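Going by this note's numbering, the first residue of the sequence shown is number 192, and it counts up by one from there.
Cβ atoms here follow ideal geometry from the backbone N, Cα and C, with glycine treated the same way.
If you're wondering where the values come from, they're calculated on a predicted model, not measured in any experiment.
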Amino acid sequence: MTAAVHMVVRGAVQGVGFRPFVWRLARDCGLRGRIRNGAAGVLLDLEGDENALARFRARLGAEAPAAAVVESIEVVRASWRGYTTLEVVASEPAVGARTRVPPDRVTCQACQREVLASGNRRHEHPFASCSDCGPRYSIISGMPYDRSRTTMERFVPCADCSREYLTPDDRRFHAEPIACPACGPRLTLLDGRGEPVAGREDALAAAAARLLAGEILALQGLGGFQLLVRADDGQAVARLRARKRRPTKPLAVMVASLAEAERLAHLDRAAHDALSSPAGPIVVVERREPWPLAPAIAPGMRTVGLFLPTTPLHHLLLQAVGRPVVATSGNRSSEPIAIEVAEAVGRLGGIADAFLVHDRPIARRLDDSVVRIIGGRLTTLRVGRGLAPLPVAALETAGRGRAPRLAVGGHLKVAPALWTGSQAVLAQHVGDMEDPETRHQLGVVAADLAELYGIRIEQVACDLHPEYWTTRWAAERWLPTVTVQHHHAHAAAVMAEHGLLDREVLAFTWDGTGWGLDGTVWGGEVLRVRGEHARRVASLRPFPLPGGEAAIRRPERIAWGLAGEQAALLGLSPQETRLLGTMIARHLHTPATTSVGRLFDAMAALVLGIRGTSYDGEAAARLEAAADPADDAVYPLPDGDWRPLVAAVLEAIRRGEDAAHIAAGIHGALASWAAAVAQREGVRDVVLSGGCFQNALLTTRVAAAVADQGKRVYVPGMIPPNDGGLAVGQLAVALLSER
């Protein structure tokens, strides 16, 4: 018997080679009809033998491409139309995306081989892609995903590319960014003033020569400009740091292959998988010693951020240079990355010696994603190219029937989250709200998300802190707002990721600072949380933060606030100690804080002699790097009281004990306190969240200590533990609050 059906396949099914797969599967099953993209997903009108249709349906989800995620398949009977062919046809007209918007994907191995093989028609083509790889989110201007709704629209395919696009058995069958040297984007090399010095075939070789000569190259990548220098040239790295005003924050290194990454760092299976994944993030791993590249790449750290080439352009450039390169965001410190050529020349002209650019517009700014392997599992530190927009499937149950809304995060590492009415996503990293241009970009990203998904935002969720710029911005939207306490949002983000929103959990939310319900600066909290309700059950003993936010850059001041006259080893001047004493005694610009992050800062000042920092979390990161991970020392921290801990650390310093042992004992103290609280509270499910849990040693020690109490411990994975994941928790609480 014959039959006709209409199918709607929902999920991540656009921009992942799904339509070509469906065509081939339908052909193998002897079916006829039409396949097209639509706002809801991929739409199929198929006719054929009843048994063949049943086989097709059974194989559709089971055999889908690796990049595809089939969330549902809706099948309804349809009228017989008598199709005589099987075709992929133009997309159904629609406004907005009800299906998943695809992230960018790094160059696949098949495209790599073509680009590097002499004689291939795409040999040395910097913009090769296919159905399995290439730009997606960075070039999409609208959904459904078709070439006409991307920045590739301006490039008319040549006859050869058109033939590949229409050939069902070709790898580029309906590959929307399809191009070749004859019809695709082209490179140009500009000098430091923005004047052309080489074009087309000569541009890449000339850029490589400049890198080899020690110059700084600004390269127009997939989601924005990157600044590149030779990673083995200490003077070039120093120049980059000086010009970019980034004195100590670690720089990422791009390597040509996994084998080269193995020579530079210790890679476990999780790190291998992350480096070679289609997302292609920067992966923070433990570096090998002796370190063969410039020491200034990651001063004071045991780790380094490595990643593989993300586009054919990067593959070709690294092949020409023949060594690893530092590849960092194309911006000045705290500014958004540049995406347009004129913008890059204007903003990066004092940093870069040359610009390697192209004529394919970038639709939206995307920093590289950053992940770290903690306890053998991937933890995302920054959502960007390759991961954004990141689905948060667990929120789709909480949000069902609720109007679209936006969550805007906190003050640092801002990344907004969106509920569209049918799906929840975490958007790309925007940045810190200290810079006016970055603040402007938050509005740009919010408007872009609303347009891309075809929605009208009806509510904004934000932080409780009244002075955060994001909180004020939300209030100025003339929309209803929901304020969510900072650490409640941290906890809810992990709960949303692991599907725990309907359970009570014990949440250890440790970070730098967050506005507390009592108006003080929280940061070392233990909460009992069930959905939209949270109650603090423990915290670190409050201590003074002399100078408030300004003390974050001066960890020695925090240490003096903890240890007072006992901290003579800090080397503060008599004038400064008198000033600090007066500030603390009179409570002048000295808020109380319970912050574990600030405790780490103070300990780093005492143990390592750190005087001043240049980026958020630097002192704490260096304390982790100093600790011996094999040392199970534990200093006292009874009931979160830091006074015995400080006394033990000062005594160890006086005895001349090794910094690696002391730093390990500080981590052990926090793990021991967490275990005691978990045992006392008796809650089975425990979550860890907040920026302190970017620390691999702290996370593994706390998780192990709590698990020894018979608890189930949940740690951040795809949602960042830092403030980059805060908006997911805000969105979760906002959605649950309507129940």
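{"Check": "DSSP-derived helix/strand/coil call for Glu658", "Outcome": "coil"}
{"Check": "CB-CB length for Leu797 against Leu731, believed under 8 Å", "Outcome": "In fact, because the Cβ distance is near 17 Å, the residues do not count as touching under 8 Å."}
{"Check": "Under 8 Å between C-beta atoms of Leu691 and Tyr905", "Outcome": "yes"}
{"Check": "Tyr274 beta carbon less than 8 Å from that of Arg223", "Outcome": "yes"}
{"Check": "Backbone CA spacing between Thr358 and Ile369 [nearest angstrom]", "Outcome": "13 Å"}
{"Check": "Whole runs of the beta strand (DSSP E) within the region 859–919, excluding any shorter than 3 residues", "Outcome": "876–880 and 903–905"}
{"Check": "At least three beta-carbon pairs within less than 8 Å, the region 497–517 to the region 444–453", "Outcome": "yes"}
{"Check": "Cβ pair Ala860, Leu828 closer than 8 Å", "Outcome": "yes"}
{"Check": "Paired residues, beta bridge with Cys324 - DSSP", "Outcome": "Cys321"}
{"Check": "Opposing strand residues paired with Pro387 [DSSP bridges]", "Outcome": "Leu381"}
{"Check": "Nearest candidate by alpha-carbon position, reference Gly901, set Ala869, Ala465 and Glu809", "Outcome": "Ala869"}
{"Check": "Inter-stretch contact at 8 Å, needing at least 3 Cβ pairs: the region 498–507 / the region 605–621", "Outcome": "no"}
{"Check": "Endpoints, the beta strand (DSSP E) within which Ser730 is located", "Outcome": "His724 to Ser730"}
{"Check": "CA nearest to the CA of Ile331, picked from His506, Arg304, Ala793 and Leu640", "Outcome": "Leu640"}
{"Check": "Terminal residues of the beta strand (DSSP E) in which Gln411 lies", "Outcome": "Leu408 to Gln411"}
{"Check": "Contact check, Arg201 vs Ala230, beta carbons under 8 Å", "Outcome": "no"}
{"Check": "6 Å Cβ shell around Trp701 - same chain, five flanking residues per side excluded", "Outcome": "Gly715, Val787, Gly881 and Cys883"}
{"Check": "Assigned exposure category for Leu753 - 16 Cβ within 10 Å defines buried", "Outcome": "buried"}
{"Check": "Outcome for Pro657 when other beta-carbon atoms lying within 10 angstroms are tallied against a minimum of 16", "Outcome": "exposed"}
{"Check": "Top-ranked residue by Cα proximity to Gly252, from Ala543, Arg215 and Val261", "Outcome": "Val261"}
{"Check": "Burial state of Asp914, where buried means 16 or more other Cβ atoms lie within 10 Å", "Outcome": "buried"}
{"Check": "Assigned secondary structure, Cys374 (DSSP; H/G/I helix, E/B strand, else coil)", "Outcome": "coil"}
{"Check": "Short Cβ contact (8 Å threshold) for Gly414 with Asp323", "Outcome": "no"}
{"Check": "Closest by C-alpha distance to Leu497, when choosing among Arg523, Ser525, Ala465 and Glu480", "Outcome": "Ala465"}
{"Check": "Val474 versus Ile910 - alpha carbon distance", "Outcome": "15 Å"}
{"Check": "Local conformation of Leu578 per DSSP, three classes", "Outcome": "coil"}
{"Check": "Alpha carbon of Ser524 to alpha carbon of Arg556, nearest angstrom", "Outcome": "16 Å"}
{"Check": "Where His197 sits in the DSSP three-state scheme", "Outcome": "strand"}
{"Check": "Contact the region 202–222 vs the region 240–258: 3+ CB pairs below 8 Å", "Outcome": "yes"}
{"Check": "Bounding residues of the beta strand (DSSP E) (the contiguous stretch that carries His549)", "Outcome": "Ala545 to His549"}
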